[in-house]
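Engineer: Take a look at the following structure, please.
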Amino acid sequence: MAKQSILITGASRGIGAACARLFAEEGWAVAVNYHRSEREALALCAELERKGCTVLPVKADVSNPQDVQRMVDIVLDNFCQLDTLLCNAGIGHAGLFSDLSYEDWRSLFAVNVDGAYHCIQAALPHFLSRKQGSVLLVSSMWGLVGGSCEVAYSSTKAALIGLCKALAKELGPSNIRVNCIAPGLIDTDMNGNLTQEDRDSLCEETPLGCVGTPRNVADCALFLASDRASFFTGQVLSPNGGFVI
-17 MAKQSILITG ASRGIGAACA RLFAEEGWAV AVNYHRSERE ALALCAELER KGCTVLPVKA
43 DVSNPQDVQR MVDIVLDNFC QLDTLLCNAG IGHAGLFSDL SYEDWRSLFA VNVDGAYHCI
103 QAALPHFLSR KQGSVLLVSS MWGLVGGSCE VAYSSTKAAL IGLCKALAKE LGPSNIRVNC
163 IAPGLIDTDM NGNLTQEDRD SLCEETPLGC VGTPRNVADC ALFLASDRAS FFTGQVLSPN
223 GGFVI
């Protein structure tokens, strides 16, 4: 039986890298997408290959549809099939909305939302031809409730939740599942700009009293991609320590 395969965008660091490690160690063939972080992506692939895992590094800018199509073609050429697409690539922006330039607004939507659109459009013909497949979108708890001084970021993450719910209804009859993960405060580079005071304050507001780990999110992704979640579609799982209930 062929290995199940997954394409993870933004997989060189943080949540994406944790997902790549977990899926690879669970026996999946993993395509590790990266854009600028080539050194980190290749090091991750080398680490997993030493463990006997099947991995494929593939460079692409998810905001570029030609790049994305080429990436999906490479994955299919190497793995022959694609079972799950995990749209994790994303960028953040913090600051007052009144100071937000249109260029920054469009930049966030180009990567966080258009990137997911391009990836799904490229993978969808393959999923439809097989009458099976799974799409996972990485949103944020701020997409559920909004974050002050993160209006653009929250807007992109809310858009992914809407995309998930609507697309799940459209693709369900074709046996293609679409689900979403909306992490809370996770210990990643993206949250590295938070001051210790901000982190402590967020931890105090979190019932479990701590910051989450990339592995917490990867565990959700593995579940949603697995047969154990075969009756899950259009759902949003939010590993956030109780910050949002």
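Residue numbers for the sequence shown follow the working numbering, beginning at -17 and rising by one. Idealized CB from N, CA, C, for every residue including glycine.
Please report the straight-line C-alpha distance between P221 and Q63, rounded to a whole angstrom.
Structural biologist: Approximately 30 angstroms between the Cα atoms of the pair.
Engineer: What ranges does the beta strand (DSSP E) occupy inside the stretch 146 to 191, keeping only unbroken runs of at least 3 residues that lie completely in it?
Structural biologist: The qualifying runs are 158 to 163.
Engineer: Return the first residue and the last residue of the alpha helix (DSSP H) that L26 is part of.
Structural biologist: Here the alpha helix (DSSP H) through L26 covers E20 to R32.
Engineer: Would DSSP call T66 helix, strand or coil?
Structural biologist: Strand at T66.
Engineer: Since I believe A2 is in contact with V26 (beta carbons under 8 angstroms), could you give me their beta-carbon distance rounded to a whole number of angstroms?
Structural biologist: Reading off the sequence, residue 26 comes out as Leu, not Val. So it is a contact: roughly 6 angstroms between Cβ atoms.
Engineer: Run through the DSSP bridge pairs and tell me what P39 is partnered with.
Structural biologist: DSSP lists V14 as partners of P39.
Engineer: Quickly, what does DSSP pair S116 with across the bridge? List them, please.
Structural biologist: Answer by DSSP bridge pairing, in chain order: T66 and R159.
Engineer: What I want to know is whether the C-beta of L82 ends up closer than 6 angstroms to one or more non-hydrogen atoms of the ligand FAD.
Structural biologist: This structure simply doesn't include the ligand FAD, nor any ligand for that matter.
Engineer: Assign A203 to buried or exposed, taking buried as 16 or more other Cβ atoms, counted over all protein chains shown, within 10 Å of its Cβ.
Structural biologist: With 16 or more Cβ atoms within 10 Å of its Cβ, A203 is classed as buried.
Engineer: How many Å lie between I227 and D59 at the Cα?
Structural biologist: Approximately 43 angstroms between the Cα atoms of the pair.
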